[in-house]
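Undergrad:
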Amino acid sequence: MIHQKFIFETPASITIQQHILQDQQRFPGASGEFSFLLSAITLATKKIQAKVRSAGLIDILGAHGVENVQGEIQQKLDVYANEAMIHCLASRPSVGVLASEENEQPLVMPHLSPSAKYAVVFDPLDGSSNIDVNVSVGTTFSIFRRPDGADFEDPNAWVLQPGNKQISAGYVVYGSSTVMVYTVGNGVHGFTLDPNVGAYVLSHENMKMPEQGSCYSVNEAYANNFPPEYGAFIQSLRDGALGHSYKSRYIGSLVADFHRTLLRGGIFMYPPNKTHSEGKLRLLYEANPIAMIAEQAGGRATDSNQRILDIKPTGVHQRCPLIVGSKLEMEAFEKLCQ
Ligand code: AHM
Ligand code: MG
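Using the working numbering, the letters of the sequence shown correspond one by one to residues 874 to 1211.
1. For isoleucine 1004, does the three-state DSSP call read helix, strand or coil?
2. Thinking C-alpha only, which one of Pro1144, Glu1084, Leu1075 and Asn1059 is nearest valine 1091?
3. By the DSSP assignment, the alpha helix (DSSP H) with aspartate 1130 in it spans what residues?
4. Does ligand 2 have a heavy atom nearer than 7 Å to the CB of glutamate 974?
5. So, helix, strand or coil for valine 1061, using DSSP?
6. Check tyrosine 991 in the structure and name its three-state DSSP category.
7. Say yes only if the C-beta of leucine 1127 is nearer than 7 Å to one or more non-hydrogen atoms of ligand 1, and no if none qualify.
8. In whole angstroms, what separates the C-alpha of glutamine 895 from that of asparagine 1098?
9. In angstroms with no decimal places, state the Cα-to-Cα distance between threonine 1051 and leucine 1066.
10. Look at the alpha carbon of leucine 1209 and the alpha carbon of methionine 1053, and state the distance between them as a whole number of angstroms.
11. What residue ranges within the region 1065-1153 form continuous beta strand (DSSP E) runs of no fewer than 3 residues, ordered along the chain?
12. Where does the unbroken beta strand (DSSP E) through arginine 1018 begin, and where does it stop?
13. Please determine whether the Cβ atom of glutamate 1093 lies at a distance below 7 Å from any heavy atom of ligand 2.
14. Mind checking which residues open and close the alpha helix (DSSP H) that includes arginine 926?
15. Near phenylalanine 879, what residues of its chain come up, given a Cβ to Cβ distance below 8 Å and the 5 sequence neighbours on each side ignored?
16. Cα-Cα, which of Ile914, Glu1202 and Ala989 is closest to proline 966?
17. Where does glycine 1036 sit, in a helix, a strand or coil, going by DSSP?
18. Work out the CA separation of lysine 920 and glutamine 947 for me, nearest whole Å.
19. Taking lysine 1081 as the reference, which of Leu916, Asn976 and Gly1171 has the closest Cα?
20. Looking only at its chain, what residues have a beta carbon closer than 7 Å to the beta carbon of glycine 1139, apart from the 5 residues adjacent to it on each side?
Next up, the structure:
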C-alpha cells in the first residue's frame, strides 16, 4: 500500500480547545470536564467581544435601564458580559459556584450537582468605563477546586481560597485584536481570536516576561498620596538606578496595562491611595489571576508585604495593592519595601 505524504504550505492552526485537550493528556484518566469548563469561558468571551466590537453601532453604550429605539431595556455592556459568563458557565455541571465582580454574593449553580468540583471567579468586563472612548477592556478569571467538605450552603468557602490554590487563571483582552491568555500552572499561552473563523488560535506559546522592561505603569495623579516607598521607587526608575531611565505607560485598564507588561516587561503598580486605602483592585478576580499568569511567565506579584498568591482572602470583593512585573524591577521594589 502506498502511503501518501501530505505537504502543506500553510502552518496548522492550533485552537485553544485542541491545546487544552492536549495539555489534559498529562493527567491520565482526565474526564474532559475541565476542558469543557474552559470552553464555556471561551464561548462567553467570544460573545462579549462581539458586543464590545459593535458597542458604538448597536446602541449598547450607556447606563443600564435606558430604553433603546426598539423600546427594549438597554443592557449596559458589563451587565451583558456578566450574564454571558454566568449563562455559559452555569451549563457546565462541573461548576458549582461562581463569584463575579458584578454580584455581591457568590452564586450557587441551580443544578446543585453533587459532582460539581470547581468554582470560578471573574470580572466579566474590567475597565468598562473605558469603552465609551474606545480603549481596550478585558475579562479576568480564576478557577479553584472545590475544597474538601465544602457544600452549597456555604458558597463563600468555595471561593475564599488563596491564589496559590488556583488551578487555572487567565484573561481576555479586547484590544486591537481579541487575545486570551491562560495558564493551568504549566506555563502561559496566548491565543488570538481569528474573527474569520471564530476560533482562538495559538499565537503566543509559552510566554515569558522579559527579565527587565523599559516602562513603569502607575496612575501618577495619586503620587502625593502613595506610601513613601512607591515615590522613591518610581524616582529611582526615572533616575536610571536599574541601568536606564524608564518611560511611563498607563492606560487605566488593568488587563491592557498588564498585557503590555507581560509582553514587554516592566512593572505595573496600583498602590494604596487616599481614596483607596487598600488599593483599588480586587484580590480574587483581578490581582490573583494576573499574579498567577505573571509568576508562570517568570515575573512576580506582591502587595508590597507579601506575595499576592499567599494572601488569605476574607471577603469576595476585598481589595489589595498590586505590584506586578518583571523579575528585576520586582526584586528592586521588594528590596526597597523590606
Ligand atoms: P473597574 O473594575 O471598576 O472597571 O476598575 C478597575 C480599573 C482597572 O482596570 C484599572 O487598572 C483601574 O481601574 C484604573 O483605576 P484608576 O482610574 O484609579 O487609575
Ligand atoms: Mg474590575
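The beta-carbon is built from N, C-alpha and C at its ideal position, and this holds for glycine as well.
TA: Short version:
1. Looking at isoleucine 1004 - three-state DSSP - the assignment turns out to be helix.
2. For valine 1091, the closest alpha carbon among the candidates Pro1144, Glu1084, Leu1075 and Asn1059 is that of Pro1144.
3. From DSSP, the alpha helix (DSSP H) with aspartate 1130 extends over 1127-1137.
4. Yes, ligand 2 has a heavy atom inside 7 Å of this Cβ.
5. Annotated three-state conformation of valine 1061 is strand, per DSSP.
6. Tyrosine 991 carries a strand assignment under DSSP once its states are collapsed to helix, strand and coil.
7. At least one heavy atom of ligand 1 is nearer than 7 Å to the Cβ of leucine 1127, so yes.
8. Computed Cα separation, rounded: 48 Å.
9. The straight-line gap separating the alpha-carbon atoms of threonine 1051 and leucine 1066 is approximately 5 Å.
10. Linking leucine 1209 to methionine 1053 through their CA atoms gives a straight-line distance of about 34 Å.
11. Taken in chain order, the complete beta strand (DSSP E) segments of 3 or more residues contained in the region 1065-1153 are 1072-1077, 1088-1090 and 1140-1143.
12. Where arginine 1018 is concerned, the enclosing beta strand (DSSP E) stretches over 1010-1018.
13. Flag unset: Cβ of glutamate 1093 not near ligand 2.
14. Its alpha helix (DSSP H) spans residues 906-926.
15. The same chain holds no residue with a CB closer than 8 Å to that of phenylalanine 879 once the five nearest residues on each side in sequence are set aside.
16. For the set Ile914, Glu1202 and Ala989, the Cα lying nearest the Cα of proline 966 is the one of Ala989.
17. Correct three-state label for glycine 1036: helix.
18. Only weak support exists for where glutamine 947 lies, its pLDDT of 40 falling under 50; the value from the coordinates is given anyway. Annotation: glutamine 947 to lysine 920 spans about 17 Å, alpha carbon to alpha carbon.
19. Comparing C-alpha distances from lysine 1081 to each of Leu916, Asn976 and Gly1171 shows the shortest one belongs to Gly1171.
20. Within the same chain, glycine 1139 has close Cβ partners Gly1086, Ser1087, Cys1088, Tyr1089, Ser1090, Gly1198, Ser1199 and Glu1202.
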